[in-house]
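Reviewing the structure listed below.
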Amino acid sequence: MIFAKHALLEAGWAENVRLTVSDGKISHIAVQAQAQAGDVRVDTLLPALSNLHSHSFQRAMAGMTEYRAAGRDSFWTWRDLMYAFVNRLTPEQMEAIAALVFMEMQEAGYAAVAEFHYVHHQPGGAPYADLAELSKRIYAAASATQIGLTHLPVLYTYGGAGAVPLGAGQQRFGNDVDRFARLVEDCRAGLADLPPDARLGIAPHSLRSTSPADLAAVLATHAAGPVHIHIAEQPQEVRDIEAWLGARPVEWLLAHAPVNADWCLIHATHMTEAETLAMARSGAVAGLCPVTEANLGDGPFNGPGYLAAGGAFGVGSDSNVLISLTEELRTLEYSQRLRDVARNVMVAGEGSVGATLYQGAATGGAQALGRAAGAIRTGMLADLVAIDSTSPALCALTRAQLLDGLVFAAKDGVVTDLWSAGRHAVRGGRHIARDQIVPAYRQAVAALLAG
Ligand code: ZN
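According to my numbering, the sequence shown is numbered sequentially starting from 11.
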């Protein structure tokens, strides 16, 4: 039982809300209720977000790539450094890093994560004895933190547009379609070790790392569940795909794949107006990662055009250079303001920017993960976050202004409690396994740097 002084229900704000959670789901909601002995008491209860895009191992290289070397640094020079880093990681280190990342996400207010998992093999490219060894390390990190996991094993077959062979830095990622199918089946079998809200999807890495025939083959065997793909992060990527396939990436994908509400297009950054409109109409979720997109110099998303067309979106922390839900949402809005020299951009028509961003990302993120979540409603998963509306950053605000305060004026420290499908993982602002996870992470990073 959870008792909240204030709660954002599907119909709006309510006071003195008593929530019953059973089997990970919200089974009953009473408003204007009395708290009872044994209830977990919180100030303000919100639906918790799903983080729709993460490569957890990249967290350990945060801060290592911000030094300007001779010549011009770009996404592609960053990627070379990431490849050098990934070639040193052991399975134990990947698990320890993922646990820290998932813990930080929960403390920031994310109840669930879609892990876009592309490191599969040993350095050099030989598979582990268990093909799904590294996926199972991600599962172990999810178990340790109790986060809701949507696991996305990645199909990564080629080194670049035109089906060129994998490069030296990409050997750990590679699978052809047949071995990928075996990996997915092994990942599916492993799901039995996770709670029932865990999900499995697939992720063709990008158009540049697959081929039209391979993509069609993989999609033909994918019965149901999320499909995520990196789509148009960099102008060079758009040019390469156009030169190879004769169309821009989003344009090509929408014309050649059955893109629908199961799909999430990560970094739909570089789109024409026609692509923006067509993508919004497809029902797919735009997977936006504003902090990473700013860090990597990707460019801003076409927010106004996409929202006007009714497009679904959510946010992810991608490279995990910083894990902060509030920072992610405000960077999304600020990227739009800086480009347009305008204020309050990410709203179609009139309304609260904070509410549009938070509630849009809650429903879009849950859709992208295949989770019945994103709103506080009977029957939904109990993906819930409690914040302290009496904190100095928020105490002057009305309920109607609270999400604006959360997005623009607060830090993640206002989060007091978090439940992932009813699992109460953050209490008093701290993850319940923090004292085990942080030392294990420090040890893993020390071994990594010494290795
Ligand atoms: Zn990514």
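Note that CB positions come from ideal geometry on N, CA and C, so glycine has one too.
Owing to the predicted nature of the structure, the values given are computational and were not obtained by experimental measurement.
Local conformation of residue i per DSSP, three classes
i	result
VAL164	strand
LEU29	strand
CYS274	strand
ASP427	strand
GLY315	helix
ILE397	strand
GLY179	helix
LEU99	coil
LEU416	helix
LEU287	helix
LEU56	strand
TYR138	coil
ASP207	coil
GLN8	Because the chain in this structure spans residues 11 to 461, residue 8 falls outside the shown range and cannot be described.
ASP83	coil
ILE251	helix
GLN46	coil
THR341	helix
ILE447	helix
LEU110	helix
ALA460	helix
VAL269	coil
ALA382	coil
LEU91	helix
ALA406	coil
VAL301	helix
Residue j beta carbon less than 8 angstroms from that of residue i
i	j	result
MET11	GLN46	yes
THR75	TRP88	yes
ALA410	PRO57	no
TYR168	SER84	no
HIS215	CYS274	no
GLY315	ALA296	no
THR160	ALA122	yes
MET113	ILE397	no
ARG381	GLN156	no
THR282	GLU303	no
ALA290	GLY324	no
GLU105	ALA150	yes
ASP196	LEU144	no
ALA108	SER60	no
GLY170	TYR93	no
ALA360	PRO300	Here residue 360 is Glu; the residue named in the question, Ala, does not match the sequence. Result no, Cβ atoms of GLU360 and PRO300 do not sit closer than 8 angstroms.
VAL41	ALA24	yes
ILE241	PRO259	yes
GLY313	GLN346	yes
LEU367	LEU404	no
SER362	LEU413	yes
Continuous beta strand (DSSP E) stretch holding residue i: start and end
i	result
TYR77	No beta strand (DSSP E) holds TYR77; DSSP gives it neither H nor E.
ILE333	Careful: ILE333 lies outside any beta strand (DSSP E) and carries neither H nor E.
Where the alpha helix (DSSP H) containing residue i begins and where it ends
i	result
ILE148	143–155
ALA464	There is simply no residue 464 to check, as the chain begins at 11 and stops at 461 in what is shown.
VAL355	Counting along the chain, VAL355 falls outside any alpha helix (DSSP H), and DSSP gives it neither H nor E.
VAL194	187–200
VAL363	363–379
PRO222	222–230
HIS131	No alpha helix (DSSP H) contains HIS131, which DSSP labels as neither H nor E.
PRO310	PRO310 -> no alpha helix (DSSP H), and no H or E assigned at all.
ALA265	259–266
Residue i - partner residues in DSSP beta bridges
i	result
ARG61	It should be noted that the sequence gives Asn, not Arg, for residue 61. Looking at the DSSP assignment, ASN61 forms a beta bridge with VAL123.
ARG440	ARG437
PHE323	ALA296
ILE212	VAL237
ARG51	PHE13
ALA40	ARG28
LEU391	LYS35
ALA242	ALA278
VAL174	GLY170
GLY158	ALA122
TRP23	LEU18
Neighbour flag for residue i against chain C, beta carbons, 8 angstroms
i	result
GLN377	Reference to chain C is not applicable here, since this structure consists of a single protein chain.
Residue i beta carbon near the ligand GTP (any heavy atom closer than 7 angstroms)
i	result
HIS63	This structure does not include the ligand GTP; its bound ligands are the ligand ZN.
Could you check whether the stretch 226–236 touches the stretch 245–263, counting it as contact only if at least three pairs of C-beta atoms, one from each stretch, sit closer than 8 angstroms? no
Validate contact between the stretch 183–191 and the stretch 124–137 using beta carbons, cut 8 angstroms, 3 pairs: yes
Is it a yes or a no for the stretch 27–43 touching the stretch 385–403, going by three-plus beta-carbon pairs under 8 angstroms? yes
The stretch 409–428 contacting the stretch 371–382, beta-carbon criterion three pairs below 8 angstroms: no
May I ask you to verify whether the stretch 345–356 touches the stretch 324–336, counting CB pairs closer than 8 angstroms and requiring at least 3? no
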